[in-house]
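Okay, structure coming up:
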């Protein structure tokens, strides 16, 4: 939910985005129960010596009305419920993004910070010091025996995806604590740094030069190169891991041919967003189209998980496609203090559109529009909510106020929308 369907809701329907996080918050007792049982037989895996405390929250892989783990078969927990522990980090990342977008300090105090803190507490205890004491030349920490989004490979150590969301959760606590008067163990900062994923040399014989992000320790030799779905390629988007553009291109170029061609639909939307970001529009066109075309079936345009069936209707695939529109064609990224934009031309989608508009997207209490053509982009403030702060458009070193119903046209390229300081 939080990885695939939730991000478009944050901008298109923030009330529903808040409701989804409230669902998690109101079921935190079940997440606390799952954390308390971690490491016990027939429950989620936690390493021997795992130290539990009452603040920890571990959300279930499959959740229903009660919020308890329902990923059982014949009374036995499945591998997803046992090892796929990034779901909690997905939730804390969503909570961070919600605050970035809304700046709702009351919500952060009531719900966001306690939610993130409980998840960070879990990861702080799941992390163990690296056996050799170092990872990437810093004091290292490992999270072992997990399953990333690539559900073909489990259990593995140091899933790049899992380590990343864990580090984000821990860092968010230190970022938000001063805002809410919170306290946290100072070693969490070091753990977050020690979990950070750094690129390594691409495998030999690939034709690629430079570095890429290894999906987990021992990849690709340990369990083979084949990947079920988008995993390490998500470090750049949505998680915003800083990397050299050549490394991002290598991530896409390596994992694309090694991803199951009949894997879940949303995978190709992530590749489209990635290729948009690199400026390789030839690759982006095909991946953007593949993000929906083979998986949407007439007469009612129902989404399926795979091209030949699977889960139906597959809302995760629809969510991925929406992200390729909301974030891919707009080039929009949410930062702690602003929205940034660097959109591709409409032709990069592989269609005949000459203009693509993102209408009624929400930021800091206002609704806005962005329209992109091959050469220009235009921004307009459509509605100013009660108590919303003034917004400005920053581009080419110039700051332009955004006034209601006054379009501002600039050359297509980099820009930012932020509050007026």
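Numbering (this note's numbering), first residue to last: 277 to 697.
Beta carbons are placed, not taken as given, at the ideal position from N, Cα and C, and that holds for glycine.
The model shown is predicted, which means the values in this text are computed figures rather than measured ones.
For residue i: DSSP bridge partner residues
| i | result |
| --- | --- |
| residue 653 | 648, 686 |
| residue 674 | 671 |
| residue 579 | 572 |
| residue 615 | 610, 693 |
| residue 310 | According to DSSP, residue 310 bridges with nothing at all. |
| residue 417 | 405 |
| residue 643 | 638, 659 |
| residue 352 | 349 |
| residue 476 | 488 |
| residue 585 | 582 |
| residue 339 | 345 |
| residue 680 | 657 |
| residue 432 | 422 |
Same chain, Cβ closer than 7 Å to residue i, neighbours up to 5 away in sequence not counted
| i | result |
| --- | --- |
| residue 610 | 373, 376, 377 |
| residue 614 | 692, 693, 694 |
| residue 293 | 282, 285, 286, 374 |
| residue 428 | 502, 503, 504 |
| residue 262 | With the chain running from 277 to 697 in the structure shown, residue 262 is simply not present. |
| residue 487 | 475, 476, 477, 478, 523, 526 |
| residue 279 | 366 |
| residue 635 | 645 |
| residue 484 | 478, 526, 529, 530 |
| residue 559 | 551 |
| residue 311 | 328, 332, 333, 334, 398 |
| residue 509 | 527, 528, 531, 546, 547, 550 |
| residue 625 | 561, 564, 605 |
| residue 659 | 642, 643 |
Host beta strand (DSSP E) of residue i (start-end)
| i | result |
| --- | --- |
| residue 698 | The structure shown has nothing for residue 698, since the chain only spans 277 to 697. |
Neighbourhood of residue i by C-beta distance below 8 Å, restricted to the same chain and skipping five residues each side
| i | result |
| --- | --- |
| residue 422 | 321, 359, 360, 361, 362, 430, 431, 432, 433, 435, 438 |
| residue 582 | 538, 539, 540, 541, 571 |
| residue 688 | 619, 621, 648, 649, 650, 651, 652, 653 |
| residue 348 | 354, 357 |
| residue 513 | 546, 549, 550, 553, 603, 609 |
| residue 324 | 315 |
| residue 640 | 377, 378, 379, 664, 665, 667, 695 |
| residue 387 | 297, 298, 301, 371 |
Any C-beta of chain E under 8 Å from that of residue i
| i | result |
| --- | --- |
| residue 534 | The structure shown contains no chain E; it holds only a single protein chain. |
The alpha helix (DSSP H) enclosing residue i, as first and last residue numbers
| i | result |
| --- | --- |
| residue 691 | Residue 691 -> not in any alpha helix (DSSP H); beta strand (DSSP E) instead, spanning 691–695. |
| residue 446 | 436–456 |
| residue 557 | 557–566 |
| residue 284 | 282–288 |
| residue 378 | 363–378 |
| residue 463 | 463–471 |
| residue 323 | Looking at the DSSP string, residue 323 is not in any alpha helix (DSSP H), and its letter there is neither H nor E. |
| residue 598 | 591–599 |
Sequence-distant residues of its chain with Cβ nearer than 6 Å to residue i (five each side left out)
| i | result |
| --- | --- |
| residue 673 | none |
| residue 346 | 338, 340 |
| residue 400 | 464, 467 |
| residue 506 | 543, 546 |
| residue 666 | 696 |
| residue 343 | 303, 306 |
| residue 396 | 445, 446, 449 |
| residue 318 | 353 |
| residue 632 | 605, 622, 648 |
| residue 670 | 692 |
| residue 616 | 609, 692 |
| residue 638 | 287, 290 |
Are the region 580–590 and the region 539–546 touching, with three or more C-beta to C-beta distances below 8 Å? yes
For the region 565–572 against the region 592–611, are there 3 or more C-beta pairs whose distance is under 8 Å? yes
Are the region 422–439 and the region 480–499 in contact at 8 Å, needing three or more beta carbon pairs? yes
Ranges of the beta strand (DSSP E) found wholly within the region 487–541, counting only runs of at least 3: none
Report yes or no: do the region 450–457 and the region 469–476 share at least 3 C-beta pairs separated by less than 8 Å? no
If contact is defined by three or more beta carbon pairs under 8 Å, each pair taking one atom from either stretch, is the region 508–526 in contact with the region 472–484? yes
Mind the definition here: the region 544–558 touches the region 599–608 only if three or more C-beta pairs lie below 8 Å; say whether that holds. yes
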